[in-house]
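Just so you know, numbering that gives the first Met the number 0 puts 197 at position 198 of the first sequence, and the rest follows in order with no gaps.
First up is the structure itself, then whatever we jot down about it.
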Amino acid sequence: MPELPEVEAARLAVVRAAAGRRIVAVRCADDPIVFEAPPARVRRALLGSRVLAAHRHGKHLWFELDRRPWPVFHFGMTGGFHQPRAPGVRLVSYGRRHPGEVWPPRFTRLRIALDDGNELAFADARRLGRVRLRHDPRSEPPVSLLGFDALLELPPPRRFRALLRERSAPLKALLLDQTFAAGVGNWMADEILYQARLDPRRRADTLSDEEADRLRARLRTVVATSVRALNDSDRYPRTWLFHDRWGREPGALTARGEPIRYLTIAGRTTAWVPSVQR
DNA sequence: CTCAGTGTTCAGTG
DNA sequence: TCACTGAACACTGA
0 MPELPEVEAA RLAVVRAAAG RRIVAVRCAD DPIVFEAPPA RVRRALLGSR
50 VLAAHRHGKH LWFELDRRPW PVFHFGMTGG FHQPRAPGVR LVSYGRRHPG
100 EVWPPRFTRL RIALDDGNEL AFADARRLGR VRLRHDPRSE PPVSLLGFDA
150 LLELPPPRRF RALLRERSAP LKALLLDQTF AAGVGNWMAD EILYQARLDP
200 RRRADTLSDE EADRLRARLR TVVATSVRAL NDSDRYPRTW LFHDRWGREP
250 GALTARGEPI RYLTIAGRTT AWVPSVQR
C-alpha cells in the first residue's frame with residue numbers, strides 16, 4: 000500500500016500528464032464502496048473541467064480543477080493511478096501495480112481521457128481506496144483531520160518533542176497514527192524506528208530529548224529519501240531494513256547481519272531488530 | 001483451503 | 001471524555 004512516497008510519485012505523474020489539460024471523457028464504475036458520490040455526480044464534476052494542479056497531504060491526493068468540487072483520492076492498500084505507455088499495450092503505474100500490465104488495467108474504477116489523447120486510470124483491486132468530492136479538500140474531512148505532512152511539515156525539534164510528550168502510545172502505533180504524522184505507513188514506521196535505534200514498543204512519552212531528536216531526524220530522512228527515489232525501492236540504500244523485512248522469514252537478517260524479529264503492534268506486523276533497538 | 005497484507009474506521013475497553 | 005486496541009472491511013495471491 001501506498002504510503003507517502005507512492006502517493007507523491009502519483010501526484011507528480013498526474014501533474015505531468017494532466018496539468019493544463021481538459022477532461023474530455025470520464026468512465027466511472029458504479030461502486031458505492033470506493034466512491035462516496037454516485038457515478039453521475041463524479042462524472043459531472045470531472046467532465047469538461049480543466050486540471051490546474053494536483054496536491055497531496057499525507058496519503059491523500061486531489062486534483063485542483065478550474066471549478067469545484069474537486070476529486071480527492073485515497074489509495075487504500077492496493078489503489079493507484081496508471082497511464083498507457085503505448086495505447087493498448089503497456090502501462091505505467093503509480094501506487095500499487097495490479098497483475099496484467101495492459102490497458103485498461105484490471106480493477107479500473109475511474110478512467111479519465113484528456114484533451115491531448117492521453118488517459119489516466121484509477122484502479123484498486125481490494126477496494127479499500129476511496130474517491131470523494133470536496134469543495135475545499137484541505138479544510139474538510141478527511142484531510143482536515145490529518146496531522147503534519149511527513150514530507151512538507153515536519154515540526155521543529157522542540158515542537159516535535161512536545162508532541163511526543165503528550166502521547167502514551169507505543170512509538171509504532173504513534174507513527175501509524177495519521178493525526179500525528181500524515182503519510183507514514185507500516186514499512187516506513189519500522190524503517191524509521193530501526194534507523195533511530197528505538198524499540199517499537201517504547202511509549203512516546205518516555206523518550207529523552209536526544210531520542211526524540213533521533214526519531215525526528217530519521218523520520219525526515221526516510222521520508223525524503225524514499226520520495227527522492229520516486230518510490231523505486233531498488234534505489235533505497237542497501238542498509239535499509241526495507242529490503243529484508245518481508246515474508247516474516249524466521250532467519251531473516253539485515254544487510255549488517257542483525258537478526259530481524261516480528262511482533263504485532265496496533266494490529267500491524269512490526270519488523271524490528273532487538274540487538275539495535277532499545 | 002488458509003492466511004497475510006505498504007490502510008482506515010469504529011466499537012469496545014480502561 | 002480521552003486514548004488506545006483490535007476486529008471488520010474486501011479481495012488477491014502465495
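From the three backbone atoms N, C-alpha and C, an ideal C-beta is built for every residue, glycine too.
Source: prediction; values computed, not measured.
Query	Result
Throw me the rounded Cβ distance for the Leu150 and Ala223 pair, which I believe falls under 8 Å.	7 Å
Tell me whether the region 61-79 and the region 116-132 touch, counting them as touching only if at least three CB pairs, one residue from each stretch, are closer than 8 Å.	yes
Please report the straight-line C-alpha distance between Thr268 and Gly246, rounded to a whole angstrom.	10 Å
To the nearest angstrom, how far is the alpha carbon of Gly116 from that of Leu46?	15 Å
Which residues in the same chain have their Cβ closer than 8 Å to the Cβ of Arg260, if we skip the five residues on either side of it in sequence?	Ala270, Trp271, Val272, Pro273
Would you call the CB atoms of Leu51 and Ala16 closer than 8 Å?	no
Within 8 Å, do at least three Cβ pairs link the region 204-211 to the region 174-181?	no
In whole angstroms, give me the CA-to-CA distance for Glu165 and Leu119.	43 Å
Taking DSSP as the reference, what is the three-state secondary structure of His134?	coil
May I ask you to list the residues that DSSP assigns as paired with Pro169?	Arg202
For the region 10-64, list the alpha helix (DSSP H) runs that are entirely contained and at least 4 residues long, ordered along the chain.	38-45
Around the Cβ of Ser92, are there at least 16 other Cβ atoms within 10 angstroms (buried) or fewer (exposed)?	buried
State buried or exposed for Arg173, treating a residue as buried only when at least 16 other CB atoms are found within 10 Å of its CB.	Just to set this straight, residue 173 is Leu in the shown sequence, not Arg. Burial call: buried.
In terms of residues, what are the limits of the beta strand (DSSP E) holding Phe121?	118-123
Check the C-beta distance from Val275 over to Arg196 and give it rounded, since I have them as a contact under 8 Å.	5 Å
Would you kindly work out how many angstroms separate the C-alpha atoms of Ile191 and Ala9, rounded to a whole number?	23 Å
Could you pull out every residue in the same chain whose Cβ sits closer than 7 Å to the Cβ of Ala44, ignoring the five residues on either side in sequence?	Pro68, Pro70, Leu132
With DSSP collapsed to three states, give me the class of Arg67.	coil
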